[in-house]
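Undergrad:
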């Protein structure tokens, strides 16, 4: 069906989930619309309170404790409509964001489109991402300032709109990368090879409480280890021969230096 499913991925979001939901409900949406929550085994009751308090069309409970990528895949498994806007519970959609993203998606198919992410101060946090050769990337903080719609090399999985047809074409998000990190790079590389455009809509803005749920479960050292493991996995998956070996070697050296620096200042 051609309507829109907005799907919120939640884990222990008691402090942010109400704001996330209200920001969605209080703006224009397509006529055919549903709002679902995919919950990753919350223990704070946030998903139950939200389901009682707000007009949520579906509550899906996943058994995995905060596994972001599993939640991503569940979003598309249970979505009623063809167009799916994924929203992490720590992202607050600004007024007009839903219809702006929806209209861009309809105009430029096949595409995956993300909004511009803002820090709490209002500064741009992420407007797409550019990749560095060894396997590192950096958030583009200037894209979209002049062009309403711009292309990006990697889309941010914290909030994006994609059709179920594209999900079927590209396939599931790789759960070998669980709980998260570099799933966006992997999926972007796969999608682009199949002719899917990756776009940033500068007219759609969201405020982002960075790593709200991850910080409840994982330490900075855990996150650093997961990033390293997944970065090496993605390089091995997408590159071959000497290029792959060189990239892995450079990443190992850089991460080793970063690890020593972190130990020094912990």
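Residue numbers (the numbering used here): -19 to 246.
Ideal Cβ placement from N, Cα and C applies to all residues, glycine included.
Identify every residue that forms a DSSP beta bridge with residue 41.
TA: BP columns for residue 41 point to 19.
Undergrad: Leaving aside the five residues before and after residue -5 along the sequence, list all residues of the same chain whose C-beta is less than 6 Å from its C-beta, in chain order.
TA: So the list is empty, once near-sequence residues are dropped.
Undergrad: My assumption, with CB atoms under 8 Å, is that residue 104 sits in contact with residue 121. Please give the rounded CB distance.
TA: With a Cβ gap of about 5 Å, residue 104 and residue 121 count as contacting.
Undergrad: I need the straight-line Cα distance from residue 3 to residue 229, nearest angstrom please.
TA: The alpha-carbon atoms of residue 3 and residue 229 are separated by roughly 45 Å.
Undergrad: Would you say residue 181 and residue 129 are within 8 Å of each other, going by their C-beta atoms?
TA: The answer is yes: Cβ separation under 8 Å.
Undergrad: For a quick check, are the C-beta atoms of residue 45 and residue 69 less than 8 Å apart?
TA: For residue 45 and residue 69, no; Cβs fall outside 8 Å.
Undergrad: From 82, 162, 36, pick the residue whose C-alpha is nearest to that of residue 179; which is it?
TA: Answer by Cα proximity: 82.
Undergrad: Alpha carbon to alpha carbon, how far is residue 158 from residue 32?
TA: Whole-angstrom Cα-Cα distance: 30 Å.
Undergrad: Rounding to the nearest angstrom, what Cα-Cα distance links residue 118 and residue 202 in this structure?
TA: Distance between the alpha carbons of residue 118 and residue 202 is about 20 Å.
Undergrad: Secondary structure at residue 105, three-state DSSP: helix, strand or coil?
TA: Three-state result, residue 105: strand.
Undergrad: Terminal residues of the continuous beta strand (DSSP E) containing residue 182?
TA: Here the beta strand (DSSP E) through residue 182 covers 177 to 188.
Undergrad: Would you call the segment 181 to 196 and the segment 91 to 99 in contact, with 3 or more CB pairs under 8 Å?
TA: With the cut-off at 8 Å, the segment 181 to 196 and the segment 91 to 99 touch.
Undergrad: To the nearest angstrom, report how far apart residue 225 and residue 163 are at their CA atoms.
TA: Near 21 Å, if we compare the C-alpha coordinates of residue 163 and residue 225.
Undergrad: Apart from the five residues on each side of it in sequence, which residues of its chain come closer than 8 Å, Cβ to Cβ, to residue 245?
TA: For residue 245, the predicted structure reports a pLDDT of 46, less than 50, and the residue's modelled location is therefore unreliable. A value from the coordinates is still provided. No residues qualify anywhere along the chain.
Undergrad: Give me, in chain order, the residues of the same chain whose beta-carbon lies closer than 8 Å to that of residue -18; leave out the 5 immediate sequence neighbours on both sides.
TA: Excluding positions up to five away in sequence, the list reads 12, 61, 62, 63.
Undergrad: What runs of the beta strand (DSSP E), each 3 residues or longer, lie entirely inside the segment 65 to 90?
TA: List check, beta strand (DSSP E) in window: 71 to 73.
Undergrad: Quick one, are the C-beta atoms of residue 140 and residue 207 less than 8 Å apart?
TA: No; because the gap between Cβ atoms is not below 8 Å, this pair is not in contact.
Undergrad: Tell me the rounded alpha-carbon separation between residue 28 and residue 236.
TA: Cα to Cα, residue 28 sits roughly 43 Å from residue 236.
Undergrad: Under three-state DSSP, which class holds residue 25?
TA: If DSSP states are grouped into helix, strand and coil, residue 25 belongs with coil.
Undergrad: According to DSSP, simplified to helix, strand and coil, what is residue -2?
TA: Residue -2: helix per DSSP, three-state reduction.
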